[in-house]
Amino acid sequence: MEPVRTCVGCRTRAPRSTLLRVVAQNDTLIPDERAVLPGRGAWVHPTPECMEAALRRRAFGRALRVTTQLDTRTFEQHPPRNKG
Numbered sequence: 004m005e006p007v008r009t010c011v012g013c014r015t016r017a018p019r020s021t022l023l024r025v026v027a028q029n030d031t032l033i034p035d036e037r038a039v040l041p042g043r044g045a046w047v048h049p050t051p052e053c054m055e056a057a058l059r060r061r062a063f064g065r066a067l068r069v070t071t072q073l074d075t076r077t078f079e080q081h082p083p084r085n086k087g
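Position 3, counted from 1, in the sequence shown is what our numbering calls 6; the numbers after and before it change by one each time, with no gaps.
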C-alpha cells in the first residue's frame, strides 16, 4: 500500500508518488524531486494551480515549521506539470 500525503496547495489527500516534496534549506524553498533530501518536507501537486495556491496562502512556512521568510525563487522556477 502506497503512502498518502496531503497537498499544501489544495488540501486534498493523494498518493505520495503523485506529489512533489518540497524542503527548506537555509531559508530557501527547494523542490525535492526524488524525495531524499534531509529535513521536514511539505507535499504539493506539481500543477500550476496547487503550487500558486500554496505560495499565496504561505502554506510552506507552516507545513515546514519555519518562522523566517522563505526565499521561493528556486521553487517558483521549477516547471509545473499539467494535469493529465
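Each residue gets a CB set at the ideal place from its N, CA and C atoms; glycine is no exception.
Keep in mind it's a predicted model, so treat the numbers as computed, not measured.
With a threshold of 16 other beta carbon atoms within 10 Å, Val47 meets it and is buried.
Scanning Pro82, Arg84, Arg59, Thr31 for the CA closest to the CA of Gly44 turns up Thr31. Measuring C-alpha to C-alpha distances from Pro6 to each of Ala56, Gly42, Leu22 identifies Leu22 as the nearest.
At the C-beta level, Cys13 and Ala62 stay beyond 8 Å of one another. Proximity to Arg76 across Ser20, Arg19, Pro34 peaks at Pro34, based on C-alpha coordinates.
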